[in-house]
Amino acid sequence: MIRKKVGVLVSGRGSNLQALLDACADPAFPAEVALVISNVPGVYALERAAKAGVATRVIPHKPFPSREAFDAAVDAELRAAGIEIVCLAGFMRLLSAGFVEGWRGRMINIHPALLPAFKGLHTHERALEAGVRLHGCTVHLVTPDLDDGPILVQAAVPVLADDDADRLAARVLEQEHRIYPLALRLLAEGRVRVDGNRAAIAAPGPTGALVNPAP
Ligand code: GRF
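So in this note's numbering, spot 180 of the sequence shown is number 201, and the numbers just go up one at a time.
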């Protein structure tokens with residue numbers, strides 16, 4: 022089996038990167054992480070990559086004269102490494118339209134909310150304020166608009182009466198670590214077809230409904 026070469030862009034602790042590295046440790050997984058790029062020096066994600074024997078690059082964004090110039094440097098590293106799929110995993114930079122276009126259909130992001138609800142930052146606080154009973158996470162293909170783009174996989178969790186943002190975030194994060202490798206597998210196996218703003222996925226159906234509070 023030829024495994025797809027994956028580049029992961031990070032800015033922080035890298036727990037989603039770890040989930041991808043763990044999935045790729047299985048030789049039967051259809052993708053392998055070949056390069057990790059961070060725009061922030063010294064973050065724990067870089068240590069995780071090094072421990073897994075994966076090449077890393079640090080490209081601080083500050084010295085670049087423009088967003089486009091920074092993105093071009095990232096793009097050059099990805100292409101030089103023969104990367105076929107890009108995963109954004111806690112990468113805290115907006116990407117220019119040109120970069121996104123260059124990776125159209127081959128770049129995915131994980132967002133800690135059930136999109137299209139709660140795009141942007143502080144999703145758990147906002148979910149609590151809104152009083153939703155179900156919250157969760159989404160893996161989607163990246164398009165030029167922030168936290169937009171065809172949805173590949175979502176997981177929902179209940180919001181509980183005594184939740185604060187940290188407790189809710191932890192419950193969601195556990196699901197992020199399940200669905201990010203799943204979404205990468207579906208994409209790497211060529212089981213994703215994009216039709217306008219929707220993705221059709223050749224995969225088994227859902228396992229059941231989540232109702233909160235329980236009926
Ligand atoms: C995750 O909550 C992810 O959904 C969001 O940023 C956070 C990154 O966490 N995009 P980590 O660096 O993967 O631990």
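Note that beta-carbon positions come from the ideal geometry of N, C-alpha and C, so glycine has one too. Bear in mind that the values here come from a model prediction, so they are computed numbers and not experimental data.
Should V79 and L30 be called a contact, given that it needs their Cβ atoms to be closer than 8 Å? Result no, Cβ atoms of V79 and L30 do not sit closer than 8 Å.
Pull the bridge partners of E53 from the DSSP assignment, please. K26
3-residue-minimum beta strand (DSSP E) runs that sit fully inside the stretch 107-167, ordered along the chain: Counting only runs of 3 or more, we get 128-132, 155-162.
How long is the line joining the alpha carbons of W124 and A66, rounded to whole angstroms? Going from the Cα of W124 to the Cα of A66 covers about 22 Å.
Whole angstroms are fine: how far does the CA of A118 sit from the CA of D96? 13 Å
Sequence-distant residues of the same chain with beta carbon closer than 6 Å to G35, five excluded per side: Y65, A66, R69
Given V54 as reference, the closest of P165, A40, L116, L149 once Cα atoms are compared: A40
Give the secondary structure of A221 by DSSP, where H, G and I count as helix, E and B as strand, and everything else as coil. strand
Looking at the ligand GRF, does it come within less than 7 Å of E197, judged from the CB to the closest heavy atom? yes
Return the bridge partner residues of Q175 from the DSSP annotation. T159
Is the beta carbon of V215 closer than 8 Å to that of L207? no
What span of residues does the alpha helix (DSSP H) with R214 cover, start to end? For R214, there is no enclosing alpha helix (DSSP H); the enclosing beta strand (DSSP E) covers residues 213-216.
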